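Residue numbers (our numbering): 2 to 209. All residues carry an ideal CB built from backbone N, CA and C; glycine is no exception. Source: prediction; values computed, not measured.
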């Protein structure tokens with residue numbers, strides 16, 4: 002019996018080590034995927050494939066998190082914060098955790114939640130209204146999964162539109178036309194290398 006228990010413990014230790022290695026490998030793959038997506042040419046097909054890849058990756062992360070709860074059981078700590086005494090903030094905080102799970106596949110555990118609340122207290126000056134605005138601002142930017150101190154101008158609602166006043170819309174840098182160069186704005190679809198090769202092959206067949 003003692004030998005069997007010792008063997009079982011050793012197997013659990015090995016399983017935990019293998020799981021930690023798998024988690025590290027997943028993070029490594031995520032880094033390589035993100036680097037690859039940054040250098041791929043822009044195209045409609047690319048965006049569709051990227052969205053499908055992001056969705057599949059989030060499902061994989063959620064599955065890993067579900068298994069991790071059984072392999073690495075850790076006793077939760079009590080989550081307490083003065084901001085949670087405010088009903089509006091408490092509701093916004095729950096909404097924030099649901100946002101992380103839905104948008105980024107992140108399940109916030111007690112220690113991460115405690116430190117996140119501590120960070121948000123520092124950013125907001127322990128003001129519940131400012132903390133709520135901060136969360137709402139970050140959630141309005143779907144790629145964000147961390148909150149940070151925001152400029153007052155970003156949190157202040159825009160004033161009323163004056164009739165006859167021009168509205169200035171700031172475009173991303175890659176869509177701004179260079180002055181006096183005659184350079185065209187980038188089109189919505191730019192051919193990838195694979196598409197260029199395929200088109201050249203079709204042209205060769207037509208000319209034969």
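- request: Could you tell me whether the segment 70-90 touches the segment 49-58, where touching means 3 or more Cβ pairs closer than 8 Å?
  value: no
task: Please name the residue in 23, 113, 76 and 100 whose C-alpha comes closest to that of residue 64.
output: Within the chain shown, residue 64 is the residue found at index 63, counting from 1. The residue with the shortest Cα to Cα distance from residue 64 is 23.
- prompt: If you compare alpha carbons, which of 127, 109 and 54 is closest to residue 147?
  reply: Locating residue 147 in the chain shown gives position 146, counting from the first residue. Measuring from the Cα of residue 147, the nearest candidate turns out to be 109.
task: Within 10 angstroms of the Cβ of residue 126, are there 16 or more other Cβ atoms? Answer buried if so, exposed if not.
output: Start at 1 with the first residue of the chain shown, and residue 126 comes out as number 125. That one is exposed.
In chain order, each alpha helix (DSSP H) run of at least 4 residues that lies wholly inside the segment 102-131: 111-125
query: Excluding sequence positions up to five away, which residues of its chain have a Cβ less than 7 Å from the Cβ of residue 78?
result: Against the chain shown, residue 78 aligns to sequence position 77. The answer, listed in chain order, is 111, 112 and 115.
task: To the nearest angstrom, report how far apart residue 60 and residue 106 are at their CA atoms.
output: Taking the chain shown and counting its residues from 1, one reaches residue 60 at position 59. Taking the chain shown and counting its residues from 1, one reaches residue 106 at position 105. Cα to Cα, the separation comes out at about 7 Å.
- request: Give me the Cα-Cα distance between residue 187 and residue 14, rounded to the nearest whole angstrom.
  value: As a position in the chain shown, residue 187 is number 186, starting the count at 1. As a position in the chain shown, residue 14 is number 13, starting the count at 1. Its pLDDT being 47, under 50, residue 187 is placed unreliably by the model, and the measurement read from it follows with that caveat. So the alpha carbons of these two residues sit roughly 55 Å apart.
Three-way DSSP call (helix, strand, coil) for residue 88 in this model: Here residue 88 is taken as the residue at index 87 of the chain shown, counted from 1. Looking at residue 88 - three-state DSSP - the assignment turns out to be helix.
message: At the level of alpha carbons, what is the spacing between residue 25 and residue 31?
response: Taking the first residue of the chain shown as 1, we reach residue 25 at position 24. Taking the first residue of the chain shown as 1, we reach residue 31 at position 30. Distance between the alpha carbons of residue 25 and residue 31 is about 10 Å.
- request: Excluding the 5 residues preceding and the 5 following residue 89 in the sequence, name in chain order all residues of the same chain whose CB lies nearer than 7 Å to its CB.
  value: Residue numbering aside, residue 89 sits at position 88 when the chain shown is read from its first letter. Within the same chain, residue 89 has close Cβ partners 129 and 133.
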